[in-house]
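Chains as they are written, first to last, in our numbering: chain A, 432 to 785; chain B, 432 to 785.
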């Protein structure tokens with residue numbers, strides 16, 4: 432059985448780090464010196480290596496390109512105020528990754544490869560972690576099928592990789608959101624809960640059309656009635672109504688089980704704010720807005736942590752929010768940041784030391 | 432403006448053709464000596480080349496692998512009885528390809544690149560076309576995004592390619608089909624009508640579970656009620672009831688607009704058999720079966736042309752069909768084959784000469 436101790440490291444000859452403009456770090460654009468790569472064949476993960484970041488040599492008949500057997504995760508690593516490096520809840524991402532793999536007929540990735548591999552890789556790249564507020568090292572584990580065959584069946588071979596990208600603050604302006612009633616992201620029985628590549632490519636059209644109309648993203652609704660609220664862009668969504676938080680529930684399998692979503696629910700509970708995970712439709716939302724009970728709307732995800740929403744546009748109607756008054760969203764965001772940076776105790780054991 | 436005449440050809444040094452076992456040609460497993468490759472950047476297709484089949488050098492942050500901006504087509508080329516080479520309805524595939532591209536926020540591929548490029552490539556590879564019954568040269572045009580960036584937005588660069596694969600008869604045994612009521616392939620407002628990679632990866636789970644139960648494929652139902660019939664595996668589906676053909680209609684956007692589907696409708700009309708394109712649900716089908724009016728069920732697609740179905744299994748109930756008696760399906764299949772091989776006149780101008 433291979434294990435974390437067998438991960439072979441090939442050293443770079445020269446680091447790219449001096450080329451990095453630390454004041455200009457767009458999301459997921461620059462990558463560190465190393466990457467982790469492992470191949471799956473005959474039922475096991477082999478050739479596990481940390482090596483210089485480099486292009487891959489792939490057959491043009493690669494099934495991942497033709498049939499989309501491809502999944503990923505997004506995680507962040509930080510230096511805390513004492514200069515120690517921590518990863519935020521990576522085991523949750525491993526669980527979700529393997530659920531995505533199961534849905535897409537791909538093999539499980541074991542903990543030694545996903546978690547210990549990630550820790551070894553980050554350990555080697557600590558100097559790439561930005562030490563500035565709202566900056567982090569973005570960690571991208573992903574897996575794709577590598578058979579070269581045009582027959583449609585689960586691939587027999589796969590590649591698992593981890594890339595690291597030093598990343599600046601997510602565009603932090605409060606968002607304008609278009610409530611989507613035409614395009615669909617996911618339906619019950621589909622792959623909406625899995626973090627597979629196709630969900631993202633399929634969502635681009637709606638986002639692009641919303642952007643042409645002046646919005647930042649869409650609020651997805653259900654496939655059947657276009658009434659039941661799902662996700663906001665690529666984030667989970669929370670509504671604060673009558674001092675209670677409501678977020679769409681997961682049981683239909685159309686929504687990603689966000690790690691930040693779960694963390695936000697926990698922090699809200701810690702603050703004594705009750706959270707309802709349940710179906711919520713646009714009519715209830717409009718009604719709450721019109722009666723002055725809809726206080727805050729925000730998205731949650733790894734990239735932005737918490738993204739404030741200043742406008743929802745639904746069926747000709749603008750719902751506006753004063754983000755300065757979004758006390759709860761801002762409070763939760765600060766708590767999550769302070770836990771990450773070691774300014775608050777990690778009472779829920781969310782941080783994994785590198 | 433680049434054009435077909437600008438396609439640069441790099442010659443191979445030695446053909447692989449003598450390694451090919453002509454008696455063993457599984458679908459999409461072996462590829463010819465050459466491939467076509469073109470890159471899209473700054474709004475135009477550049478570096479259009481026919482070159483030796485070879486691996487691609489791709490960045491591990493390739494957006495196609497992470498976010499599934501990837502589409503394809505499947506087409507067949509044949510030698511007719513006079514030894515002339517024809518492609519079957521490639522312009523229809525070009526139209527569908529560009530509809531897929533539009534849905535996935537990808538650029539259009541122009542006719543000179545798709546059709547003329549394909550013709551030049553096939554011209555160079557004529558010796559790879561199998562001259563045996565039920566054999567063909569399978570043509571695989573595909574396009575994927577090539578930006579190396581983890582931000583989710585339409586890529587600015589793309590690669591378009593055509594691969595050729597000499598292919599033997601599709602597994603021709605009549606199929607046993609499980610009517611799927613749990614998993615969903617597509618929903619209105621989604622990407623079901625587009626031939627994008629993610630649709631195929633997302634379908635593997637249902638097919639795999641059906642195969643474990645002894646079936647060859649699933650008959651997909653709608654996402655909401657799991658009643659309305661969609662496609663059979665990766666093919667369109669036809670039902671013959673009371674000497675009338677019924678096939679699910681396209682307007683909800685959940686079904687692929689098959690080129691073979693369209694050809695079959697035309698041949699059925701030529702035979703004086705009326706064809707209804709309309710929603711059809713499983714209850715109507717069961718009722719027709721129980722009253723002895725459901726005569727034939729078959730799938731249509733490029734790989735199999737017509738795939739006979741000997742069993743539908745729905746909710747504990749077996750519906751069995753004697754495929755020897757499936758007169759219409761077999762007649763349509765023969766007509767399509769005879770048109771392809773030049774034994775019947777090409778009255779609908781389906782054949783494009785290489």
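Every residue gets a Cβ at the ideal spot worked out from N, C-alpha and C, and that includes glycine.
Beta carbon of residue i nearer than 8 Å to that of residue j
i, j, result
"residue 664 of chain B", "residue 642 of chain B", "no"
"residue 512 of chain B", "residue 774 of chain B", "yes"
"residue 586 of chain B", "residue 500 of chain B", "yes"
"residue 577 of chain A", "residue 493 of chain A", "yes"
"residue 510 of chain A", "residue 560 of chain A", "yes"
"residue 515 of chain A", "residue 590 of chain A", "no"
"residue 594 of chain A", "residue 491 of chain B", "yes"
"residue 508 of chain B", "residue 706 of chain B", "no"
"residue 633 of chain B", "residue 622 of chain A", "yes"
"residue 583 of chain A", "residue 498 of chain A", "yes"
"residue 519 of chain B", "residue 782 of chain B", "yes"
"residue 416 of chain A", "residue 711 of chain A", "Any property of residue 416 of chain A remains undetermined from this structure, which presents chain A solely from 432 to 785."
Under the three-state DSSP convention, the category residue i falls into
i, result
"residue 631 of chain A", "helix"
"residue 604 of chain B", "coil"
"residue 387 of chain B", "Shown here, chain B extends from 432 to 785; a query on residue 387 of chain B therefore has no answer."
"residue 540 of chain A", "coil"
"residue 754 of chain A", "helix"
"residue 485 of chain A", "coil"
"residue 521 of chain A", "helix"
"residue 454 of chain B", "coil"
"residue 404 of chain B", "No statement about residue 404 of chain B is possible, as the shown extent of chain B runs from 432 to 785 and does not include it."
"residue 549 of chain A", "helix"
"residue 640 of chain A", "helix"
"residue 652 of chain A", "strand"
"residue 618 of chain A", "coil"
"residue 685 of chain A", "coil"
"residue 436 of chain B", "helix"
"residue 462 of chain A", "coil"
"residue 515 of chain A", "coil"
"residue 558 of chain B", "helix"
"residue 445 of chain A", "coil"
"residue 626 of chain A", "coil"
"residue 598 of chain B", "strand"
"residue 720 of chain A", "helix"
"residue 715 of chain B", "helix"
"residue 492 of chain A", "coil"
"residue 510 of chain B", "strand"
"residue 770 of chain A", "helix"
Contacts of residue i in chain A (Cβ-Cβ under 7 Å)
i, result
"residue 619 of chain B", "615, 654"
"residue 631 of chain B", "498, 499, 583"
"residue 639 of chain B", "536, 585"
"residue 622 of chain B", "633"
"residue 571 of chain B", "581"
Rounded Cβ spacing between residue i and residue j (contact assumed at less than 8 Å)
i, j, result
"residue 551 of chain A", "residue 443 of chain A", "With 8 Å as the limit, residue 551 of chain A and residue 443 of chain A do not qualify as a contact, their Cβ atoms being about 15 Å apart."
"residue 569 of chain A", "residue 459 of chain A", "6 Å"
"residue 598 of chain B", "residue 667 of chain B", "Rounded, the Cβ-Cβ distance is 20 Å, inconsistent with contact."
"residue 702 of chain B", "residue 762 of chain B", "7 Å"
"residue 616 of chain B", "residue 659 of chain B", "Not quite, the Cβ-Cβ distance comes to about 12 Å (not below 8 Å), so this is no contact."
"residue 672 of chain B", "residue 743 of chain B", "That belief does not hold up - the Cβ atoms of residue 672 of chain B and residue 743 of chain B are roughly 13 Å apart, past 8 Å."
Chain A residues whose Cβ lies nearer than 9 Å to that of residue i
i, result
"residue 580 of chain B", "457, 458, 459, 460"
"residue 527 of chain B", "Ordered by position in chain A, no residue passes the 9 Å Cβ test against residue 527 of chain B, which lies about 16 Å from the chain."
"residue 550 of chain B", "Result: empty, since nearest Cβ-Cβ is about 20 Å, beyond 9 Å."
Chain B residues whose Cβ lies nearer than 7 Å to that of residue i
i, result
"residue 628 of chain A", "496, 497, 498, 499, 629"
Partner residues on chain B for residue i, Cβ-Cβ distance less than 8 Å
i, result
"residue 575 of chain A", "496"
"residue 709 of chain A", "Within chain B, no residue comes near residue 709 of chain A; the closest Cβ sits about 20 Å away, beyond 8 Å."
"residue 724 of chain A", "Near residue 724 of chain A there are no residues of chain B at all, since even the closest Cβ is about 30 Å away, more than 8 Å."
Proximal residues of chain A, C-beta to C-beta of residue i below 8 Å
i, result
"residue 795 of chain B", "The shown model of chain B, from 432 to 785, leaves out residue 795 of chain B, and the question about it has no answer."
Using a beta-carbon distance cut-off of less than 7 Å, what residues from the stretch 485-510 of chain B approach chain A? 486, 487, 488, 489, 490, 491, 492, 495, 496, 497, 498, 499, 500, 501, 503
Check each residue of the stretch 733-761 of chain A: if its Cβ is closer than 7 Å to any Cβ of chain B, include it; give the result in chain order.
-> none
### Task
Using a Cβ-Cβ cut-off of less than 8 Å, give me the residues of the stretch 584-608 of chain B that come near chain A, in sequence order.
Within the stretch 584-608 of chain B, the qualifying residues are 584, 585, 592, 594, 596.
Q. For the stretch 455-486 of chain A, which residues have a CB atom closer than 9 Å to at least one CB atom of chain B, in sequence order?
A. 457, 458, 459, 460, 462, 466, 468, 484, 485, 486
Taking a cut of 9 Å between CB atoms, which residues from the stretch 690-703 of chain A lie near chain B? none
Query raised in the report: Relative to chain B, which residues along the stretch 660-673 of chain A have a C-beta separation below 9 Å, given in chain order?
Result: Of all residues in the stretch 660-673 of chain A, the ones placed with a Cβ closer than 9 Å to any Cβ belonging to chain B are 664, 665, in chain order.
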